[in-house]
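A.B. asks: The following block contains the structure, expressed as structure tokens.
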Amino acid sequence: MPHVLFAGGENLEGKSTNTFRMYDIFSKTLYDKSSMKECKRLLSAASLNGLVYCTGGVDNKTQLKTVECYDSIINQWSEIAPMENGRSDHGACVYNDFIYVVGGFVNSTVENYNPTTNKWYNCPKVPSAYNQTCRAVVIQNSIYSIGDMKNGRMSNSRFDPREGRWYDLNSNTTYVCRFDLASYGRSLYCIGGGSNPYSNHCARFDVFCNKWETMSPMNARRWGHSALTVDNKIYVFGGWNHVPVTTVERYDIPQNKWDTNVAEKIEHFNGAAVLIDHRNN
169 MPHVLFAGGE NLEGKSTNTF RMYDIFSKTL YDKSSMKECK RLLSAASLNG
219 LVYCTGGVDN KTQLKTVECY DSIINQWSEI APMENGRSDH GACVYNDFIY
269 VVGGFVNSTV ENYNPTTNKW YNCPKVPSAY NQTCRAVVIQ NSIYSIGDMK
319 NGRMSNSRFD PREGRWYDLN SNTTYVCRFD LASYGRSLYC IGGGSNPYSN
369 HCARFDVFCN KWETMSPMNA RRWGHSALTV DNKIYVFGGW NHVPVTTVER
419 YDIPQNKWDT NVAEKIEHFN GAAVLIDHRN N
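Following the numbering used here from start to finish, the sequence shown increments by one per residue and tops out at 449.
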């Protein structure tokens with residue numbers, strides 16, 4: 169079973185951290201791993217060919233262009249080429265062996281990274297500028313990006329890397345920021361986030377039908393959390409609701425039901441999380 173890696177985040181004093189931990193879903197065990205070189209929150213992470221790439225974020229002042237790469241065999245970090253644009257609270261995903269970073273806080277730029285050349289390349293911008301948050305996932309041959317906008321509405325777009333073109337999609341769903349996004353099959357799952365008050369709202373978007381539907385709500389309201397798909401279930405880790413939310417929730421997709429009796433309590437706020445097949449050294 170894959171392991172979950174938690175990178176960076178924000179501590180109780182509101183400071184960025186460089187912590188890096190690995191969680192074994194099967195044994196429900198959390199391990200400390202080698203810390204990142206920089207402290208950062210609101211970063212994003214993606215896994216490619218057994219390596220973890222942590223992109224952007226905020227230290228304690230500045231949106232970062234820097235990128236760090238983690239090798240689990242040697243438990244070490246290395247710095248790679250920086251992005252063209254500083255970004256935070258952005259989307260990150262993998263398509264065709266390239267890392268894509270999408271938008272972020274007041275950001276509409278898109279870049280991709282070729283690990284072979286160690287270079288970043290600019291891509292077409294998203295159609296609408298994001299305000300606070302966006303997330304990106306891949307389904308088949310398209311990158312889907314959802315984010316919040318200044319007008320209090322959501323943006324929902326599809327990017328076809330083969331055409332180099334963005335397409336607007338149905339964005340008629342509940343407004344949230346600092347949410348997270350997961351995918352399974354032909355659907356996107358927009359989970360939790362900040363609104364007024366913090367939200368446990370969840371919605372599913374069918375990319376083939378271009379249609380939203382409301383899911384069962386989470387048990388806990390939270391924002392600044394992470395959501396990941398493992399097999400046919402979605403796990404939600406951490407977040408904030410006036411105090412740290414440490415319960416882990418698991419969504420059974422076929423049953424449309426949330427379960428909280430699935431893991432030990434995990435504190436994780438405004439950090440990144442990614443799945444990786446753990447390799448022993």
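Quick reminder that beta carbons are idealized off the backbone N, C-alpha and C, glycines included.
Note that the structure is a prediction, hence the values are computed from the model and not measured.
Are Ser313 and Gly259 close, meaning C-beta to C-beta below 7 Å?
C.D. replies: Cβ atoms of Ser313 and Gly259: closer than 7 Å.
A.B. asks: Run through DSSP, which three-state label would Asp328 get?
C.D. replies: Looking at Asp328 - three-state DSSP - the assignment turns out to be strand.
A.B. asks: Does Asp384 pass the burial test, meaning 16 or more other C-beta atoms within 10 Å, or should it be called exposed?
C.D. replies: A small fix is needed here, since residue 384 is Ser in this sequence, not Asp. Label assigned to Ser384: exposed.
A.B. asks: Kindly provide the ranges of any beta strand (DSSP E) runs that are 3 or more residues long and lie completely inside the stretch 188 to 243, ordered along the chain.
C.D. replies: Runs found: 197 to 200, 212 to 216, 219 to 223 and 235 to 239.
A.B. asks: Could you tell me which residues DSSP puts in a beta bridge with Leu349?
C.D. replies: Per DSSP, Cys358.
A.B. asks: Taking C-alpha atoms, which residue in Asp257, Asn286, Gly218 and Ser203 lies nearest to Ser212?
C.D. replies: That would be Asp257, whose Cα lies nearest to the Cα of Ser212.
A.B. asks: So the candidates are Phe194, Val172, Glu247 and Asp227; which of them puts its Cα closest to the Cα of Ser215?
C.D. replies: Here the closest residue by C-alpha is Val172.
A.B. asks: Short check: CB of Glu206 to CB of Met251, under 7 Å?
C.D. replies: Cβ atoms of Glu206 and Met251: not closer than 7 Å.
A.B. asks: Is the CB-CB distance between Asn243 and Ser202 below 7 Å?
C.D. replies: The answer is yes: Cβ separation under 7 Å.
A.B. asks: Are the CB atoms of Pro292 and Gly254 nearer to each other than 7 Å?
C.D. replies: Result no, Cβ atoms of Pro292 and Gly254 do not sit closer than 7 Å.
A.B. asks: Does the beta-carbon of Thr197 have 16 or more other beta-carbons within 10 angstroms, so that it is buried, or is it exposed?
C.D. replies: With fewer than 16 Cβ atoms within 10 Å of its Cβ, Thr197 is classed as exposed.
A.B. asks: Relative to the C-alpha of Cys358, which residue among Ala350, Pro365 and Asp328 is closest?
C.D. replies: Measuring from the Cα of Cys358, the nearest candidate turns out to be Ala350.
A.B. asks: Would the beta-carbon of Thr428 fall within 7 Å of that of Asn387?
C.D. replies: Closer than 7 Å, so yes.
A.B. asks: Assign Leu173 to one of three DSSP states: helix, strand, or coil.
C.D. replies: Strand, per DSSP.
A.B. asks: Which residues share a DSSP beta bridge with Phe405?
C.D. replies: For Phe405, which the question treats as bridged, DSSP gives the partners Ser394.
A.B. asks: Hey, Tyr289 and Gly271 are a contact pair by Cβ (cut 8 Å); roughly how many whole angstroms apart?
C.D. replies: Incorrect: roughly 16 Å between the Cβ atoms, too far for contact.
A.B. asks: DSSP three-state label for Ala431, please.
C.D. replies: Correct three-state label for Ala431: coil.
A.B. asks: Go through its chain and collect everything with a Cβ distance to Tyr199's Cβ below 7 Å, but skip five positions before and after it.
C.D. replies: Excluding positions up to five away in sequence, the list reads Arg189 and Met190.
A.B. asks: Taking all protein chains shown into account, decide if Asp399 is buried (16 or more other Cβ within 10 angstroms of its Cβ) or exposed.
C.D. replies: Asp399 is exposed by the Cβ-count criterion.
A.B. asks: Assign Gly254 to one of three DSSP states: helix, strand, or coil.
C.D. replies: In the structure shown, Gly254 sits in coil (DSSP, three-state: anything other than H, G, I, E or B).
A.B. asks: Compute the Euclidean distance between the alpha carbons of Thr397 and Tyr352, then round it to the nearest angstrom.
C.D. replies: Taking the straight line from one Cα to the other gives about 7 Å.
A.B. asks: By the three-class DSSP mapping on this structure, what secondary structure does Gly320 have?
C.D. replies: Note: Gly320 maps to coil in three-state DSSP.
A.B. asks: So, with DSSP's three-state summary, where would you put Glu181?
C.D. replies: Note: Glu181 maps to coil in three-state DSSP.
A.B. asks: Could you work out which residue in Ala395, Arg354, Ser339 and Asp328 is closest to Arg346 when comparing CA atoms only?
C.D. replies: That would be Ala395, whose Cα lies nearest to the Cα of Arg346.
A.B. asks: Just verifying my parser: in three-state terms, what is the DSSP assignment at Cys261?
C.D. replies: If DSSP states are grouped into helix, strand and coil, Cys261 belongs with the strands.
A.B. asks: Using C-beta distances below 7 Å, list every residue in its chain close to Asp374, excluding the 5 sequence neighbours before and after it, in chain order.
C.D. replies: Counting only Cβ-Cβ distances below 7 Å, and skipping sequence neighbours, we find Arg354 and Ser355.
A.B. asks: Consult DSSP for Arg389 and reduce its assignment to one of helix, strand or coil.
C.D. replies: Looking at Arg389 - three-state DSSP - the assignment turns out to be coil, as it is neither helix nor strand.
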